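Beneath this line is the structure, given in structure tokens, with notes to follow.
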Amino acid sequence: MATSENATLRNPERWITGGVFLLYCLYLPFSGYSEMVYDGLNYWTLTERFFQDGRFSLLAYDDALRGYFLPLLNLPAKAVTHFTGLAPLHLTRLMGAACAALLFGWAAPALWRALFPQHILGWSPRIAFAALGFLFWRDHFNFVLSDFPALLALLLSLRLAVRGGSWWYAFLAGAGLMAAYNIRPVYLLAAPVLVVLTLVATAGVGRRIAALGGLVLGCMLISGPQLLMNGRHHGLWTPLVLSRDARLPTANLYLAQLGWGLVVQKYETSLDPSSPSPRMLYTDAAGQALRQRRSMHHFGSYGAYAAAVAHEPLAFAALYGRHLFNGLDVQYPTLFVLDTEQRSGWLALLHYSVWFGALLVIGSGRYSRPTALRVGLAAVALLLPCLASLPIAIECRFLLPLQLVLYAAACFGGAQLQWGHHRWVWPRLAAVVIAYGVFLLLCFTLSARTHAQLTYDVGVLAPLGGAEVPTKKP
């Protein structure tokens, strides 16, 4: 009995994962939402595209904007609501609780342990990590959004790649990568890094060739149906998600978002009855001046955008910096804001302190060359999708991988530091305290300036071919 209790204390993973699941199951029904809206509703109703003449067919899915994999995952829950009459939110909350538990309780800590086998993750750092996820992201899990399942799939793929040494692990890693990409196309940027990470983690020429074969087969398993769907419905024989929206000037969603990112430095969605519009647009005066100075409208190609960046590199660098801060600056724990006055200065203080602590931990890290290589590759795989999101009108969920990296560094990495053994001489301690104070002042100042630019006037997007305002019904 004592041995069993000691094992539980040393390995709290199962208990914390189960606890996170229970916490969300208890919280979400009282979070204030009574119906599906906007993206949450759209992802839910996409499951209907698998049916043709009342019959299910995988290849019947014909949406040109979003991939098929997330709607397919949602299909069993959709069937339950259809046959039982249960409200969809009952099922989506249950799925959200499971996703949160797997992400914060298991997948993220498991990847950290794979990258740092010498680290001990006890109860405190794991609970702290899960608590940060709950504090800043909890209401997102009411809905079937793409961000969290995609990141979960990418974390599992990286975990399998780091483990290495098996064709089967490589196969699952490839499938996980393509699942993440199909759900969130920006995660395709992680693919080359995952290949390199798999080769680094696998010893021997023969095993590396087998691992590459496993990766390819795993990717084909998930991307094959998308290829057939694109060819059948759109005449394009590609395994890639098309990301096409006919409402936009170029029908290319990312190109449209590049234009919106010039004039809007942050975007949120309001369900507050007092809001004049659901779109909360935080405008960028410098970006608007840049657009007018260069007489830019919507971008017809990536080359046109690259040319604009080449002409004004410093202005675009500053724009990306503002997007980076605002993408990290979580003001609401939800994608759909019920009360726009809900912003909490204390939570902002905690968030900024976590960032500062994470930067301290990262700056103090010293690792062997093999460990540093694997950690670096995993970090690049997670951060490249965030980098691609910086030019667009940013939402906090777009930088979710970076958020989790910072949380993990502060909680998991911070737990490994032996603070009592550090010689905190007064000059060094004073420098840290002063830096912390300056950092907080800078963060609060930038956040206040952004909030002062809030507008509900979607007319700011008109010169760039903004899409119509979303409605609750698709």
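When we follow this note's numbering, the leftmost residue of the sequence shown carries the number 662, and every step to the right adds one. The C-beta atom is built at its ideal place from N, Cα and C for all residues, glycine as well. Keep in mind that this is a model prediction, so the values were computed, not measured.
| Check | Outcome |
| --- | --- |
| How long is the line joining the alpha carbons of residue 956 and residue 962, rounded to whole angstroms? | 16 Å |
| Considering only C-alpha positions, which residue in the set 741, 1078, 1096 is nearest to residue 780? | 1078 |
| Roughly how many angstroms lie between the CA atoms of residue 706 and residue 869, to the nearest whole one? | 42 Å |
| Out of curiosity, what's the CA-to-CA distance linking residue 818 and residue 828? | 13 Å |
| Compute the Euclidean distance between the alpha carbons of residue 1069 and residue 1104, then round it to the nearest angstrom. | 20 Å |
| Of the residues 895, 903, 948, 907, which one's Cα is nearest the Cα of residue 921? | 948 |
| Give the straight-line distance between the Cα atoms of residue 798 and residue 1036, rounded to the nearest whole angstrom. | 25 Å |
| If you follow the beta strand (DSSP E) that residue 931 is in, where does it begin and where does it stop? | 925-931 |
| Do residue 886 and residue 719 count as a contact pair if the criterion is CB distance below 8 Å? | yes |
| Measuring alpha carbon to alpha carbon, tell me which of 691, 997, 1116, 960 ends up nearest residue 701. | 997 |
| With DSSP as the reference, identify every bridge partner of residue 940, one or two as the case may be. | 930 |
| Within the chosen definition, does the segment 1103-1119 reach the segment 936-946 through at least 3 CB pairs nearer than 8 Å? | yes |
| Identify the continuous alpha helix (DSSP H) that holds residue 881 and give its terminal residues. | 866-895 |
| Looking only at C-alpha atoms, which of 736, 692, 789 sits nearest to residue 805? | 736 |
| Does any residue of chain C bring its CB to less than 8 Å from the CB of residue 925? | In the displayed structure, chain C is absent; only one protein chain is listed. |
| For residue 1012, which option in 1097, 1052, 1042 has the closest C-alpha, if you only look at C-alpha atoms? | 1097 |
| Exposed or buried, residue 1108, counting other C-beta atoms within 10 Å across all chains shown (16 or more means buried)? | buried |
| For the segment 839-856 and the segment 774-793, state whether three or more C-beta atom pairs, one from each stretch, are separated by less than 8 Å. | no |
| Give, in chain order, every unbroken run of the alpha helix (DSSP H) that is at least 4 residues long and sits entirely within the segment 1038-1111. | 1061-1069 |
| With residue 953 as the anchor, note down where its alpha helix (DSSP H) starts and where it stops. | 946-955 |
| Taking DSSP as the reference, what is the three-state secondary structure of residue 750? | helix |
| Using DSSP bridges, identify the partner residues of residue 605. | Residue coverage of the chain in this structure runs from 662 to 1135, which leaves residue 605 outside it and unanswerable. |
| Based on the DSSP output, what are the partners of residue 716 in its beta bridges? | 713 |
| With DSSP collapsed to three states, give me the class of residue 998. | strand |
| Please classify residue 672: is it buried, with 16 or more other beta-carbons within 10 angstroms of its beta-carbon, or exposed? | exposed |
| Where residue 712 and residue 1002 are concerned, what is the direct C-alpha to C-alpha distance, given to the nearest angstrom? | 42 Å |
| Would you call residue 984 buried or exposed, if buried means 16 or more other Cβ atoms sit within 10 Å of its Cβ? | buried |
| Can you have a look at residue 662 and say buried or exposed, based on whether 16 or more other CB atoms are within 10 angstroms of its CB? | Residue placement at residue 662 cannot be trusted, given a pLDDT of 47 that sits under 50; the coordinates are not used to answer. |
| For residue 672, which of helix, strand or coil comes out of DSSP? | coil |
| Suppose the cutoff is 7 Å on Cβ atoms and the five residues either side in sequence are ignored; what does the same chain contact list for residue 690 look like? | 754 |
| Considering Cα atoms alone, identify which of 762, 763, 740 is closest to residue 752. | 740 |
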